[in-house]
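To start, the structure itself, in structure tokens.
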Amino acid sequence: MGQPLQNRTQFDPGSSMQVSERKRGLASEIWKHRREYLAISPFYILFAVFGLFPILFSMYLSFQRWDGIGVMTFNGINNYQFMVTDPEFWKAVRNTLLIWIYSTIPMLFFALIIAFLLNASFIKFRTFFRIGFFVPNVTSLVAVAIVFSTVFSNNYGLLNYFLSVFGVSPVEWLNKTWGIQLAVSIMVIWRWVGYNAIIYLAGLQSIPTVLYEAAKIDGATGIQSFFRITIPNLRPIILFTVITSTIGGMQIFTESQVLVGNDGGVSGGGLTIVLYLYREAFVNNYFGYGSAVGWGMFILIALFSLFNWLVVQGGGAKDE
Amino acid sequence: MAKYRALLMCLLLLAFMVSGCSSGSSSKSEVKTLTLWYWNRSLDDNLINEVQKQFPGIRINAQKIGGDFKSKLKTTLAAGSGGPDIVAFNDWVTELFPSADRFYNLYDLGAKDIEGDYLDWKWQLGVTPKDEMIAMPIDTGPTALFYREDLFKQAGLPTDPEEVHLMMDTWEDYFAAGEKLQKALGGKVKLLDNIGQVYNQVNSQSDKVYFDKNENFIGEDPSSSMKKAWDLAVKASQMDLLANAGTFSTEWNAAMNNGKIASYVGAVWSKQILMDAAPDTSGKWRVARAPGGDGNNGGSFLAIMKTSKYPKESFEVMKWLLNSENQVTSFKDLNLFPSASKALDSDLMKMKEEFFGGQATGEIFTESARNVKPSYFGTKYSNLNGIVNRELSSVALEGKNSDKAWKDALSRVKKELLR
Amino acid sequence: MVKRKSAILLYIGLIIGLVISIFPFYWLAVMATRTTAEIYSFPPKFWFGTHLISNVTRVFDNVDFFGAFLNSLFVASCSTLLVLFFDSLAGFTFAKFNFPGKKWLFVLLLATMMAPSQLSLVPSFVIMAKFGWVGSFKALIIPGMANAFGIFWIRQYAQESVPSELLDAGRIDGCSFFRLYWNVAIPILRPALSFLGAFTFIGSWNDYLWPLIILNDESKFTLQVALSSLNGIYVTDYAMVVAGTMLAVIPLIILFLFVSKQFISDIAAGAIKS
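Quick mapping for you: the protein sequence lines, in order, are chains A, H and S.
Mind the numbering: the first sequence is residues 3 to 322 in our numbering, read in order.
Mind the numbering: the second sequence is residues 2 to 420 in our numbering, read in order.
Mind the numbering: the third sequence is residues 2 to 275 in our numbering, read in order.
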């Protein structure tokens, strides 16, 4: 699944310099690429030291009963059984997917548009706009939560104020499931549109202008060059944003927690998978169970990311 | 080449700085440093600073830890090291009873000698069913009825705390008065804040809620207040007496300041929240004994971690910080309501308060504090309470059928008990 | 004429987006100048109040703001420099070289991003305790100094933007592996690096739960940890918290003002290719 990604020829000293040589053993092959391995090694070393143990530990923990302090007792697959039969878990899965859909699609769409506008040659004050759009991402979540709770507040909220100006009766946003989900999604969109726009912009600017000039000479319209030049060249970047926002979206936590608390608000409308995990582990003291939820979630994210990868890659094949 | 060197220098410098950070822990053997974890306003900072003067040879490394105090404490306990000597607990102290061996038994350090100085019900909250004392009382949270005198008057209800208490002695009478009040004020004002608060307050007035001392579930037993509290909470919602503002949320603060809520039952420490949030209503509030009886919400504790090298010194410091004189000081500085009986007799309790129209609310809360019934919470108290409260909010806000909600709550509770 | 009209429309669109984007920050600033009760008043007050000084003074009285500021600056700067170096090296290698096992190593790298970090809070702390790093900045800097996110980003960016022909040419000229990275790739990767740098710095600056659990000495508290201590369990001085929060955001915005030029100045990168 990694291979189709490389749609450009690769620089490969092994094949380009010594084509005539016979098949060598794996060891010498690895030795020949020692510099490459050295270059990527820091991540894997750090992962082995700091990342592997937590993962194995949580795997072990997911089969235990543990309140986080006392002794662990073996619990078989009970944690997993409880998870798949707990309606709150499935509610959390559903909420997460809904919030992900409400937030990610508009977020990436607006980001692409903003990036495109900012990349247009006639736009002035580009730096100014760029900073403006990136400010939300700089702001800490505590600040975001404070601001958004005043926006959506039932009693003193800005939104209800504007409604009252137009004679509409106030809505208790944070006392409704859909209202909470909407508020969380808007928080996510607000925080990440500018960030994704900057990513797209960086991608757009790395596309050589000569390509567009050549296309213009060949009589291509703006729309044609968008689909023939921009999109194909931007594909690795789009893939990056889709994958990272899938992973990030599945892990939405703090936005919900700061806005509606550990229970996810009314009827658990803002209860996401990670919030559920956090509540069960750190609030209700089921650390073994929390680990099981973490693994359930890992599988969901992996399936979802794979699906997204295939969609983005598949779309690419048709264009070329 | 210059670029290489610059990069190398940069990395070296970094390595140097990073490693340099961890050095420097050479203290003289005479000075004993006690680390204390607490949160803002749980202890009086002036008193903590005075410990050094009071106990020569002891240095206090006091660390204020914010919102996720419990997560930090639990992570440290799970890892088994890196904790403080003295640590503050909130009313979740019972969750730590199964891990009582991770804390010093204060009875072993001489706590028996001072037991009589403290309110018994509060003291017992820090003692496990096996009679190990893991936590020592800081403050208490006796409850009472906070009400808007001006709104009560407008509605033709009694306004004097004595009379209010007499007329609204039970929750049912209180609700009936509320109905009258809401009608008289044209529906702009609600009697109470939210459904969960009714449920929790009724339970806090009782000595039997979810568990007995053997950790058996007693919620369905007639002696438990669980169903009674549920029914009263549902009734308040059906009578449309609730403003649906989450307790002490920003929403709540706003509703109080804007005069949308005429009363609530709450602990003494909510006075400070009310005064900060609703200065516009200053002088209009009064406090009366709560409908349904006296109760307690919250109030914190101090404990000594088993990993501490200085349990004796820690205990002495705690004993001093929490003696009745210093509790009076903390009450004066921070409104921390005393847990030591002698401190309740202080003249400070008779101080008149402007925010409450010159009423001395300390007298009401002192009475309430003396009448709280000792109760056992059980280690899974907050898990169960969370489940019931979630169902209640569905009833109040999404119109869920209350019988179905009760059934769902009970079946989820039973599932929880088997975990 | 049509062009002009559409340009104006585009500007209007951008400006509306900009207002929505900046408004919450403006709102934070307004709240920081008001008392707690004013924040809750209805109808809302849209203009600045007069309590900024008193709110900020209370923040300074309660936390060692400048000490915490320096701690945050140190941690965030160290993290950013290390991340930039290790991630760009690895990302570039993944994008432009072939070696046995590359595909699976990369899948593994992506998979590590999928485990929720809340899950590893306890075991990670256990490791830090074993290393004796509890209470040390090392625990905040070292584990994240080469991260999957940054490597993934640099790889995706380098794939299209670093021309293989240029690397071939460099190779023929006798450039070593590191020279190819340093002299050929880095200049082209600059816009991607400045983005990664800003993002890493912001992430480290705003990180809260892990530093809260790791740091045990008030003199080492980072800004977010110090500010969180303003929250009481029962009573919170809301106006003070808002003021503190705003103060913590300002340095980041100033930093971003400096870095953001980088994002734009690199149209030159395209020139190399043409």
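Built from N, CA and C at the ideal position, the CB exists for glycine as well.
Model, not experiment: these values are computed from the prediction.
7 Å Cβ cutoff, VAL19(H) in contact with chain A: Residue numbering aside, residue 19(H) sits at position 18 when the second sequence is read from its first letter. Caution is warranted here: a pLDDT of 48 is assigned to VAL19(H), below 50, making its placement in the model unreliable, and the coordinate value is therefore given only provisionally. For VAL19(H), not one C-beta of chain A is nearer than 7 Å to its own C-beta.
Taking beta-carbon pairs under 7 Å, can you tell me which members of the stretch 63 to 95 of chain S lie near chain H? Listed in sequence order: CYS79, LEU82, LEU83.
Indicate whether at least one CB of chain H lies closer than 7 Å to the CB of GLY181(A). Residue numbering aside, residue 181(A) sits at position 179 when the first sequence is read from its first letter. No, because no Cβ of chain H sits closer than 7 Å to the Cβ of GLY181(A).
At the 7 Å Cβ level, is ARG37(A) part of the contact set with chain S, yes or no? Counted from its first residue, the first sequence places residue 37(A) at position 35. It does: the Cβ of ARG37(A) has a partner Cβ on chain S nearer than 7 Å.
Can you say whether SER403(H) is buried or exposed, counting buried as having 16 or more other CB atoms within 10 angstroms of its CB? If you number the second sequence from 1, residue 403(H) lands on position 402. Under the 10 Å beta carbon count, SER403(H) is surrounded by 16 or more other beta carbons and is classified as buried.
Taking only the alpha-carbon atoms, compute the straight-line gap between VAL19(H) and LEU216(S) and give it to the nearest angstrom. Position 18 of the second sequence, counting from 1, holds the residue named residue 19(H). Position 215 of the third sequence, counting from 1, holds the residue named residue 216(S). At VAL19(H) the pLDDT is 48, less than 50, meaning the model places this residue with poor confidence; the figure from the coordinates comes in the next sentence. Roughly 15 Å between the two C-alpha positions.
Could you give the distance in angstroms between the alpha-carbon of SER23(H) and the alpha-carbon of ASN72(S)? Counted from its first residue, the second sequence places residue 23(H) at position 22. Counted from its first residue, the third sequence places residue 72(S) at position 71. In this predicted model, SER23(H) has a pLDDT of only 41, less than 50, meaning its place in the structure is not dependable; the value taken from the coordinates is given anyway. Rounded to the nearest whole angstrom, the CA to CA distance from SER23(H) to ASN72(S) is 13 Å.
Does the stretch 54 to 72 of chain A come close enough to the stretch 296 to 312 of chain A that 3 or more CB-CB pairs lie under 8 Å? Yes, the stretch 296 to 312 of chain A touches the stretch 54 to 72 of chain A.
Are the C-beta atoms of PHE284(A) and some chain H residue less than 7 Å apart? In the first sequence, counting from the first residue as 1, residue 284(A) sits at position 282. At a cut-off of 7 Å, the C-beta of PHE284(A) has a neighbouring C-beta in chain H.
Quick check on PRO44(S): buried or exposed, where buried means 16 or more other Cβ atoms within 10 Å of its Cβ? Within the third sequence, numbered from 1, the residue matching residue 44(S) stands at position 43. Flag for PRO44(S) reads exposed.
In three-state terms, what does DSSP make of ASN287(A)? For the purposes of this step, residue 287(A) is taken as residue 285 along the first sequence, with counting starting at 1. In this structure, ASN287(A) counts as coil in the three-state DSSP scheme.
Any beta strand (DSSP E) of 3 or more consecutive residues that is wholly inside the stretch 120 to 172 of chain H: DSSP runs (the beta strand (DSSP E)) wholly in the stretch 120 to 172 of chain H: 144 to 149.
Which residues, in order along the stretch 188 to 221 of chain A, keep a beta-carbon less than 8 Å from a beta-carbon of chain S? Result list: TRP192, VAL195, GLY196, TYR197, ILE200, ILE201, LEU203, ALA204, GLY205, GLN207, SER208, ILE209, PRO210, THR211, VAL212.
Name, please, each residue of chain S whose Cβ falls closer than 9 Å to the Cβ of ILE1(H). Outside the displayed span of chain H (2 to 420) sits residue 1(H), for which this structure offers no information.
When the Cα atoms are used, what is the spatial distance from GLY142(H) to LEU345(H)? If you number the second sequence from 1, residue 142(H) lands on position 141. If you number the second sequence from 1, residue 345(H) lands on position 344. In this model, GLY142(H) and LEU345(H) are separated by some 13 Å (Cα to Cα).
Span of the alpha helix (DSSP H) around VAL60(S): Within the third sequence, residue 60(S) is the residue found at index 59, counting from 1. Residues 53 to 63.
What number of angstroms, rounded off, separates the C-alpha of GLY358(H) from the C-alpha of ILE143(S)? For the purposes of this step, residue 358(H) is taken as residue 357 along the second sequence, with counting starting at 1. For the purposes of this step, residue 143(S) is taken as residue 142 along the third sequence, with counting starting at 1. Distance between the alpha carbons of GLY358(H) and ILE143(S): 58 Å.
Against SER293(A), what residues of chain H qualify as contacts under a CB-to-CB distance less than 8 Å, listed in chain order? The residue labelled residue 293(A) in the question sits at position 291 within the first sequence. Chain H residues near SER293(A): none, gap ~12 Å exceeds 8 Å.
Since ASP249(S) meets chain A, which of its residues come closer than 7 Å, beta carbon to beta carbon? Within the third sequence, the letter at position 248 stands for residue 249(S). First, the amino acid is wrong: residue 249(S) is Ala here, not Asp. Near ALA249(S) (Cβ distances below 7 Å), the residues of chain A are SER142.
Reference GLY134(A), options LEU143(A), ILE148(A), ILE116(A), closest by Cα: The residue labelled residue 134(A) in the question sits at position 132 within the first sequence. The residue with the shortest Cα to Cα distance from GLY134(A) is ILE116(A).
Anyone know if the C-beta pair for PRO292(H) and MET169(H) falls short of 7 Å? Along the second sequence, one-based indexing puts residue 292(H) at 291. Along the second sequence, one-based indexing puts residue 169(H) at 168. Taking 7 Å as the Cβ cut-off, PRO292(H) and MET169(H) qualify as a contacting pair.
LEU48(H) Cβ short of 6 Å to the ligand MG heavy atom set: With respect to the ligand MG, the structure offers nothing, as it holds no ligand at all.
Looking at chain S, is there any beta carbon in it that lies within less than 7 Å of the beta carbon of PRO234(A)? Numbered from its first residue, the first sequence carries residue 234(A) at position 232. It does not: the Cβ of PRO234(A) has no partner Cβ on chain S nearer than 7 Å.
Taking the Cβ atom as the reference point for each residue, do PRO1(S) and ALA204(A) lie within a distance shorter than 7 Å? The structure shown does not extend to residue 1(S), since chain S is modelled only from 2 to 275, so the question has no answer here.
Which of helix, strand or coil does DSSP assign to SER1(S)? The displayed coordinates of chain S run from 2 to 275. Any statement about residue 1(S) would go beyond what the structure contains.
Between which two residues does the alpha helix (DSSP H) harbouring PHE135(A) extend? Within the first sequence, the letter at position 133 stands for residue 135(A). Start and end: 128 to 140.
Under 7 Å between C-beta atoms, does ALA38(S) make it to chain H? Position 37 of the third sequence, counted from the start, is the residue given in the question as residue 38(S). ALA38(S) counts as touching chain H.
Run down chain H in chain order and give the residues with a C-beta less than 7 Å from the C-beta of SER155(A). Against the first sequence, residue 155(A) aligns to sequence position 153. Within chain H, the residues near SER155(A) are THR251, GLU252, ALA255.
With 16 other Cβ atoms within 10 Å as the buried cut-off, status of GLY284(H): Along the second sequence, read from residue 1 onward, the residue named residue 284(H) stands at position 283. Counting Cβ neighbours within 10 Å, GLY284(H) comes out exposed, since fewer than 16 surround it.
Among LEU258(S), SER229(S), THR94(S), nearest to PHE66(S) - alpha-carbon criterion: Here residue 66(S) refers to the residue found at position 65 when the third sequence is read from its first residue. Ranking the options by Cα distance to PHE66(S), first place goes to SER229(S).
Would ASP46(H) and GLY300(H) qualify as a contact pair, given that the criterion is a beta-carbon distance under 7 Å? Working through the second sequence from its first residue, we reach residue 46(H) at position 45. Working through the second sequence from its first residue, we reach residue 300(H) at position 299. In terms of Cβ geometry, ASP46(H) and GLY300(H) do not form a close pair [threshold 7 Å].
How would you call MET241(S), buried or exposed, if buried means at least 16 neighbouring beta carbons within 10 angstroms? As a working note, residue 241(S) is residue 240 in the third sequence. With 16 or more Cβ atoms within 10 Å of its Cβ, MET241(S) is classed as buried.
Using 10 angstroms around the beta-carbon of SER155(A), count the other beta-carbons present and answer buried if the total reaches 16, otherwise exposed. Residue numbering aside, residue 155(A) sits at position 153 when the first sequence is read from its first letter. Under this definition SER155(A) is a buried residue.
Whole-Å CB distance - LEU279(A) paired with GLN119(S), under 8 Å assumed: Mapped onto the first sequence, residue 279(A) falls at position 277. Mapped onto the third sequence, residue 119(S) falls at position 118. Between the beta-carbon of LEU279(A) and that of GLN119(S) there is about 6 Å, and that keeps the pair under the 8 Å contact cut.
Could you spell out where the alpha helix (DSSP H) holding ILE274(H) opens and where it closes? In the second sequence, counting from the first residue as 1, residue 274(H) sits at position 273. Taken as a continuous stretch (DSSP letters only), the alpha helix (DSSP H) holding ILE274(H) covers 271 to 278.
For ASN232(S), name the three-state secondary structure that DSSP assigns. Residue mapping note: residue 232(S) aligns to position 231 of the third sequence, counting from 1. Correct three-state label for ASN232(S): coil.
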